[in-house]
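A.B. asks:
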Amino acid sequence: MSITRRVLLQGLATGALCRAAPLFASAPARQVINTLPAPQSIHRVVSAGAPADLLMLAAAPEKLSGLSSFDFSREASGLFPEVIRQLPEYGRLVGGGRTLSLEKLLSLQPDLIIDCGSTDETWRSQAKRIASQTKIPWVLLNGELAQSAQQFTAVGEILGVEKRTQKQAELAQHFISEAQAFSRTAAAHLRFYAARGPRGLETGLQGSLHTEAAELLGLENVARIAGRSGLTQVSIENLLLWQPDIILVQDKTTLASLLKDPAWQGVSAVAHRRILLLDGLPFGWLDAPPGINRLLGMRRLQAWLDPAVATQLQADMQHYSRLFWHRELSEKRYKTLVDDL
């Protein structure tokens with residue numbers, strides 16, 4: 007789906023370009039399919055997708071049978087301890103990129119399947135079908151960024167690891183509460199564009215999982231069409247018309263395209279280098295996947311905009327690393343992660 011000139015002008019003329027409703031506005035915190043085992047009976051958990059991978063890596067890595075979407079064995083930065091780097095990648099269980107067969111799933115002998123993300127009927131029906139075929143209990147968690155603390159609380163209760171997840175939930179809620187407070191300040195009155203793809207012309211529409219972290223901070227997404235969300239293709243003409251105040255980039259290839267392509271120089275944020283590069287992790291900061299990794303991306307973005315948060319960013323990231331990645335983050339590694347323009 008792309009934003010054509012006709013669609014854009016229609017939106018401007020009719021007021022269709024407006025704030026989208028929150029993606030998970032009325033979704034329940036969790037949904038359980040089949041009978042949930044007692045916490046002490048859950049020893050092996052299968053993660054259904056990438057957001058659940060990162061949630062489980064933080065909350066209960068010792069219970070994971072492997073990972074659906076990551077192979078950290080070649081991850082050279084030492085971000086994770088060896089026990090996590092040794093987890094095999096077995097493939098995704100749901101979604102368009104499903105690669106884990108039911109036969110392979112059964113061979114893993116999980117006591118529970120956990121998924122985290124959308125809880126709409128499409129995802130619920132997939133979960134119900136697989137749970138019915140395999141008789142394996144399934145927990146589907148609301149993956150909204152603002153619900154991150156509740157995700158940890160739920161996993162802690164289900165798996166009996168409340169002592170660990172309580173601290174994680176507290177840090178998640180701290181970041182979220184400060185982001186929401188920032189959203190009510192004048193400093194948040196900025197319009198942003200999230201550049202993706204080799205030419206920077208792919209982006210997430212307002213209300214999508216891909217831009218939720220920036221929007222929770224109160225920033226206004228320039229790419230918005232009423233009734234639409236998800237990813238879209240745009241044109242340089244769109245950007246020249248929108249003129250965002252800041253641009254967010256998660257890939258150095260994308261950044262190089264923005265800086266070298268003469269067409270982008272007509273975008274004031276590029277010409278004046280009002281660009282934040284969030285790079286250096288084996289997954290995205292703001293999406294890819296749309297999981298708890300976005301907590302750190304949101305905090306990093308807030309620190310870029312808020313001097314008070316900037317002074318404590320190193321301590322925040324080191325605290326996050328201890329709780330979520332189970333590893334100390336060195337000062338050297340911290341500096342490489344926050345090295346931007």
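One rule links them: number in this note's numbering = place in the sequence shown (from 1) + 6.
By construction, the Cβ of each residue, glycine as well, lies at the ideal position given by its N, Cα and C atoms.
(1) May I have the straight-line CA-CA distance separating Gly55 from Gly103, to the nearest angstrom?
(2) Looking only at C-alpha atoms, which of Leu63, Pro43, Ser154 sits nearest to Gln301?
(3) On the criterion of 16 or more Cβ atoms from any shown chain inside 10 Å, does Lys266 qualify as buried, or is it exposed?
(4) What does a CB cutoff of less than 6 Å around Phe30 pick up in its chain, not counting 5 residues either side in sequence?
(5) Can you name, in chain order, every residue of its own chain whose Cβ lies under 8 Å from the Cβ of Lys173, other than the five neighbours on each side?
(6) Cβ of Leu118 within 8 Å of Cβ of Ile48?
(7) Taking the beta strand (DSSP E) that Leu246 falls in, what are its first and last residues?
(8) Does the contact criterion of 3 or more C-beta pairs under 8 Å hold for the region 301-313 versus the region 59-70?
(9) Within 10 angstroms of its Cβ, does Ser113 collect 16 or more other Cβ (buried), or is it exposed?
(10) How is the alpha helix (DSSP H) around Asp322 delimited, first residue to last?
(11) Can you name, in chain order, every residue of its own chain whose Cβ lies under 7 Å from the Cβ of Glu168, other than the five neighbours on each side?
(12) Measure the alpha-carbon distance for Glu184 versus Leu108 and round it to whole angstroms.
(13) Within the same chain, show all residues whose beta-carbon is closer than 7 Å to that of Glu81, passing over the 5 residues directly before and after it, in chain order.
(14) Is it buried or exposed, His195, if we count other Cβ atoms within 10 angstroms and call 16 or more buried?
(15) What is the C-beta distance between Thr217 and Gly210, in whole angstroms, given that I count them as a contact (C-beta under 8 Å)?
(16) Between the region 268-278 and the region 241-254, do at least 3 Cβ pairs fall closer than 8 Å?
(17) Evaluate Pro5 with the Cβ neighbour count: other Cβ atoms within 10 Å of its Cβ, from every protein chain shown; 16 or more gives buried, anything less gives exposed.
(18) Where do the N-terminal and C-terminal ends of the alpha helix (DSSP H) with Gln308 fall, by residue?
(19) Taking all protein chains shown into account, decide if Glu88 is buried (16 or more other Cβ within 10 angstroms of its Cβ) or exposed.
(20) Using a 10 Å radius around the Cβ and a threshold of 16 neighbouring Cβ atoms, would you call Arg116 buried or exposed?
(21) Using a 10 Å radius around the Cβ and a threshold of 16 neighbouring Cβ atoms, would you call Thr159 buried or exposed?
(22) Taking just the CA atoms, how far does Gln320 sit from Phe378?
(23) So, at 8 Å on beta carbons, what are the nonlocal neighbours of Val100 in its own chain, with the 5 sequence-adjacent residues on each side left out?
(24) Select from Gly206, Ser214, Pro313, Gly233 the residue whose C-alpha is nearest the C-alpha of Ala269.
(25) Mapping DSSP to helix, strand and coil, what is Gly162?
(26) Just curious, the beta strand (DSSP E) that Val276 is in, first and last residue?
(27) Need the endpoints of the alpha helix (DSSP H) that Tyr199 sits in, please.
(28) Where does Gln239 sit, in a helix, a strand or coil, going by DSSP?
(29) Under the assumption that Pro143 contacts Leu42 (Cβ atoms under 8 Å), give the Cβ distance between them as a whole number of angstroms.
(30) I'd like the list of long-range same chain contacts for Val51, defined as Cβ closer than 8 Å, with 5 residues on each side in sequence excluded.
C.D. replies: This is what the structure gives:
(1) Taking the sequence shown and counting its residues from 1, one reaches residue 55 at position 49. Taking the sequence shown and counting its residues from 1, one reaches residue 103 at position 97. Gly55 and Gly103: Cα-Cα distance of roughly 10 Å.
(2) Taking the first residue of the sequence shown as position 1, residue 301 is located at position 295. Here the sequence assigns Leu to residue 301, which means Gln is not the residue at that position. Out of Leu63, Pro43, Ser154, Ser154 has the C-alpha closest to the C-alpha of Leu301.
(3) For the purposes of this step, residue 266 is taken as the residue at position 260 of the sequence shown. The residue in question, Lys266, is exposed, as its Cβ has fewer than 16 Cβ neighbours within 10 Å.
(4) The count along the sequence shown starts at 1 and reaches residue 30 at position 24. Its pLDDT being 41, under 50, Phe30 is placed unreliably by the model, and nothing is read from it.
(5) As a working note, residue 173 is residue 167 in the sequence shown. Cβ neighbours of Lys173 beyond the five flanking positions: Leu329.
(6) The count along the sequence shown starts at 1 and reaches residue 118 at position 112. The count along the sequence shown starts at 1 and reaches residue 48 at position 42. For Leu118 and Ile48, yes; Cβs fall inside 8 Å.
(7) Looking up residue 246 in the sequence shown gives position 240. That residue, Leu246, is in no beta strand (DSSP E); its alpha helix (DSSP H) goes 242-248.
(8) no
(9) Taking the first residue of the sequence shown as 1, we reach residue 113 at position 107. Classification for Ser113: exposed.
(10) Residue numbering aside, residue 322 sits at position 316 when the sequence shown is read from its first letter. Segment 319-326, the alpha helix (DSSP H) holding Asp322.
(11) Sequence index remark: in the sequence shown, residue 168 carries index 162 (1-based). Same-chain partners within the cutoff: Gly162.
(12) Along the sequence shown, one-based indexing puts residue 184 at 178. Along the sequence shown, one-based indexing puts residue 108 at 102. If you take the alpha carbons of Glu184 and Leu108, they lie about 42 Å apart.
(13) By one-based count along the sequence shown, residue 81 stands at place 75. Taken in chain order, the residues that qualify are Arg91, Pro288.
(14) Here the question's residue 195 lines up with position 189 in the sequence shown. With fewer than 16 Cβ atoms within 10 Å of its Cβ, His195 is classed as exposed.
(15) Against the sequence shown, residue 217 aligns to sequence position 211. Against the sequence shown, residue 210 aligns to sequence position 204. Correct: roughly 4 Å between the Cβ atoms.
(16) yes
(17) Missing from the structure shown is residue 5; the chain here goes from 7 to 347 and no further.
(18) Here the question's residue 308 lines up with position 302 in the sequence shown. Where Gln308 is concerned, the enclosing alpha helix (DSSP H) stretches over 299-311.
(19) For the purposes of this step, residue 88 is identified with residue 82 of the sequence shown, where counting begins at 1. Exposed, by the Cβ-count rule.
(20) The sequence position of residue 116 within the sequence shown is 110, counting from 1. It should be pointed out that residue 116 corresponds to Pro in this sequence rather than to Arg. With 16 or more other Cβ atoms within 10 Å, it is buried.
(21) As a working note, residue 159 is residue 153 in the sequence shown. Thr159 should be labelled buried.
(22) Nothing about residue 378 can be read from this structure; the chain reaches only from 7 to 347.
(23) As a working note, residue 100 is residue 94 in the sequence shown. Answer for Val100: Ala54, Gly55, Asp121, Trp129, Gln132, Ala133, Ile136, listed in chain order.
(24) Position 263 of the sequence shown, counted from the start, is the residue given in the question as residue 269. Among Gly206, Ser214, Pro313, Gly233, the Cα nearest to that of Ala269 belongs to Gly206.
(25) Translated into the one-based positions of the sequence shown, residue 162 becomes position 156. It is helical.
(26) As a working mapping, residue 276 is identified with position 270 in the sequence shown. First-last for Val276: 274-277, but that is the alpha helix (DSSP H), not the beta strand (DSSP E).
(27) Here residue 199 is taken as the residue at index 193 of the sequence shown, counted from 1. Tyr199 -> not in any alpha helix (DSSP H); beta strand (DSSP E) instead, spanning 197-201.
(28) Position 233 of the sequence shown holds residue 239. Looking at Gln239 - three-state DSSP - the assignment turns out to be strand.
(29) Sequence index remark: in the sequence shown, residue 143 carries index 137 (1-based). Sequence index remark: in the sequence shown, residue 42 carries index 36 (1-based). The pair is a contact, with the Cβ atoms about 5 Å apart (cut-off 8 Å).
(30) Counted from its first residue, the sequence shown places residue 51 at position 45. Excluding sequence neighbours, Val51 sits near Met62, Ala66, Lys69, Leu70, Ser71, Pro116, Asp117, Leu118, Ile119, Ile120, Leu165.
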